[in-house]
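Heads up: the sequence shown begins at 682 in our numbering, then just goes up one per residue. See structure below.
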Amino acid sequence: MKRIGLLSVLMIVVVSATGVVLASIAQGAVSREITIVAKNMVFSVPSLETSGEVNPTITVKRGQRVTITLRNDDAGMLHDLVIEGLDVRLEVVSCGETTRLTFTVPREPGEYVYLCSFHPRRMRGVFIVE
Ligand SMILES: [Cu+2]
């Protein structure tokens with residue numbers, strides 16, 4: 682009897698774990714790594730097709746796990762990165778430093794603004810959840 686109980690518990694654990702994995706696959710919730718570089722008082726994202734563009738629009742999938750790495754290549758300048766409306770705030774970095782943050786984007790599509798809180802007018806772009 683005890684043995685059956687344990688087996689049932691194990692079965693439930695296995696079935697639940699499989700469910701979670703399948704749900705993640707169904708949502709296409711593959712994690713995404715984005716490196717954002719702060720240089721010459723603007724942001725750029727070297728991995729995007731539009732890599733030459735300043736403050737490019739960054740598009741991610743809803744419910745996706747996203748890791749942002751912020752690199753500061755601006756001598757003598759401090760920069761950070763905040764996505765307004767999401768609870769995303771990367772630490773302040775000085776030249777030559779990087780910082781990282783992983784978060785889950787909302788499940789609803791939406792448009793947000795990302796910016797450097799020191800230079801919000803020059804370092805500002807759009808972050809889209811689709
Ligand atoms: Cu800045």
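C-beta atoms are modelled at their ideal positions from N, C-alpha and C, and glycine is treated no differently.
Checklist entry - Can you pull every residue whose C-beta falls closer than 5 Å to some heavy atom of ligand 1, listed in chain order? => result Per the Cβ criterion, the list is His760, Cys797, Phe799, His800, Met804.
Next on the checklist: Assuming contact is defined by CB atoms lying nearer than 7 Å, are Glu792 and Ile764 in contact in what I supplied?
Outcome noted: No, Cβ-Cβ distance for Glu792 and Ile764 is not below 7 Å.
Checklist entry - Is the segment 767 to 780 touching the segment 738 to 745 in the sense that three or more CB pairs, one from each, lie closer than 8 Å? => result The segment 738 to 745 is not in contact with the segment 767 to 780.
Checklist entry - Which residues bound the beta strand (DSSP E) around Lys720? => result That run of the beta strand (DSSP E) goes 713 to 720.
Next on the checklist: With distance defined between alpha-carbon atoms, name the residue in Glu811, Thr785, Glu772 nearest to Glu714.
Outcome noted: If we check each option's Cα against that of Glu714, Thr785 comes out closest.
Checklist entry - So which of Pro727, Phe724, Thr750 has the shortest CA-CA distance to Leu782? => result Taking only the C-alpha atoms, the option nearest Leu782 is Thr750.
Item to check | Cβ-Cβ separation, Val718 to Ala752 (assumed contact under 8 Å), whole Å | outcome: Sequence check: residue 752 is Arg here, not Ala. Correct: roughly 5 Å between the Cβ atoms.
Next on the checklist: Checking the sheet assignment: what are the DSSP bridge partners for Asn753?
Outcome noted: Beta-bridge pairing links Asn753 to Ala719.
Item to check | Coil, strand or helix - Glu811 by DSSP | outcome: Coil, per DSSP.
Next on the checklist: Using C-beta distances below 7 Å, list every residue in its chain close to Val807, excluding the 5 sequence neighbours before and after it, in chain order.
Outcome noted: Answer for Val807: Thr738, Glu792, Val794, listed in chain order.
Item to check | Beta-carbon spacing of Ser712, Arg743 below 7 Å | outcome: For Ser712 and Arg743, no; Cβs fall outside 7 Å.
Checklist entry - Going straight from the alpha carbon of Pro787 to that of Leu767, what length do you get? => result If you take the alpha carbons of Pro787 and Leu767, they lie about 8 Å apart.
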